[in-house]
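Q: I'd like to ask you about the structure that follows.
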Amino acid sequence: MTKIIKRTKLAAALMGVMAFAGTGVAAAQQVDVAKLQNEEQKILNAQAQSQEKINSLFEQSQDLLIEYRSVVAEYENLKVYNDHVAKLVADQQATIDSLQRQIDGIDETKQGVVPLMYEMIDALEEFVKLDLPIHKEERMNRVARLRDIMGNSNVSTSEKFRQIIEAYQTEMDYGSGLISYQGNLQVGGQEVAVDFFHMGRVAFLAQSLDLKNAWIYNNESGEWSALEDEFLNPLTTAIRMSRKQTAYDLVKLPVFAAESAE
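Take the position in the sequence shown, starting the count at 1, then add 139; the result is the number in my numbering.
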């Protein structure tokens, strides 16, 4: 009986020990699971943070890629524009070089033009002296003005040349059409108010304002000769025609014929 009780007590004791041991194991397992769960949570948190960093880096890389592409596109545009500007600069430089060559040529041209202009003025003065004395004083004054501007540094060479050409054009105009104007004529030591009339350079005549006397200029002798009365009315008509006071018609006027060379 006693042995059975002892065995029973021993068994109960063993079962108590085993129960206690089982409780410790279970507790230990619970601690391990909690640690594992905690570590797993840390890993998940770390992964989440890493993913956020990755996402942030990806976004930054995308922004940098977009910025890079924009810079590349801008560079290409600037390169095209710079090439365009370089062509414009080259063309402008070519134009400047051409203008400079022309300017350099102008100085050389002036060296030939200026003496020519003086020769033209001399020839014009000589022509006026030898020509019919149509507006003689006005024409000589024009020649004098041309000589004055040649010595004026404020007048450009081109303007000097233009005025000389204009003077020649005026001389040409004297040689065409019927032209009349009023003036004074020295006859027999007296000054007479007259209407001067010329048909180009064919004939140069004058008629007193009272229509009673008329004269013709002899370019060979350089003198005025009186006209016969038969030419008074035709000359009056010719003067009126030159002023468009009457219709054009045929009139009989004297003309000095050129002497034939023998």
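Each residue gets a CB set at the ideal place from its N, CA and C atoms; glycine is no exception. Quick caveat: nothing in here was measured; it's all calculated off a predicted structure.
Taking DSSP as the reference, what is the three-state secondary structure of Gly251?
A: As a first step, residue 251 must be located in the sequence shown, where it is residue number 112. The answer is helix: DSSP assigns Gly251 an H, G or I state.
Q: Report, in whole angstroms, the separation of the C-beta atoms of Phe343 and Tyr356, which I expect to be a contact under 8 Å.
A: Counting from one through the sequence shown, the residue named residue 343 turns up at place 204. Counting from one through the sequence shown, the residue named residue 356 turns up at place 217. Indeed they touch by this definition, with Cβ atoms about 4 Å apart.
Q: Under three-state DSSP, which class holds Asn357?
A: The residue you call residue 357 lines up with position 218 of the sequence shown. Residue state, collapsed to three classes: strand.
Q: Please identify the residue among Phe266, Gln346, Tyr214, Lys383 whose C-alpha is closest to the C-alpha of Gly316.
A: Here residue 316 corresponds to residue number 177 of the sequence shown, with the count starting at 1. It is Lys383 whose Cα lies nearest to the Cα of Gly316.
Q: Go ahead and pull the three-state DSSP assignment for Asp236.
A: Residue mapping note: residue 236 aligns to position 97 of the sequence shown, counting from 1. Residue state, collapsed to three classes: helix.
Q: Given a cut-off of 8 Å, decide if Leu263 and Tyr313 are closer than it, judged by their beta-carbon atoms.
A: Stepping through the sequence shown from its first residue, residue 313 is reached at position 174. Stepping through the sequence shown from its first residue, residue 263 is reached at position 124. Result no, Cβ atoms of Tyr313 and Leu263 do not sit closer than 8 Å.
Q: Mind listing, in chain order, the continuous alpha helix (DSSP H) runs of no fewer than 4 residues lying wholly within the segment 269-307?
A: Correct list: 275-289.
Q: Do you know offhand how far Gln321's Cα is from Phe300's?
A: To locate residue 321, count along the sequence shown from 1; it is residue 182. To locate residue 300, count along the sequence shown from 1; it is residue 161. Cα to Cα, the separation comes out at about 31 Å.
Q: Quick one: what's got a C-beta closer than 6 Å to Val294's C-beta in the same chain, skipping five residues either side?
A: Sequence index remark: in the sequence shown, residue 294 carries index 155 (1-based). So the list reads Ile288, once near-sequence residues are dropped.
Q: To the nearest angstrom, how far is the alpha carbon of Ser237 from that of Met338?
A: By one-based count along the sequence shown, residue 237 stands at place 98. By one-based count along the sequence shown, residue 338 stands at place 199. Those two C-alpha atoms are separated by around 50 Å.
Q: Do you know offhand how far Asn216's Cα is from Ser189's?
A: Locating residue 216 in the sequence shown gives position 77, where the first residue counts as 1. Locating residue 189 in the sequence shown gives position 50, where the first residue counts as 1. When rounded, the distance between both Cα atoms is 40 Å.
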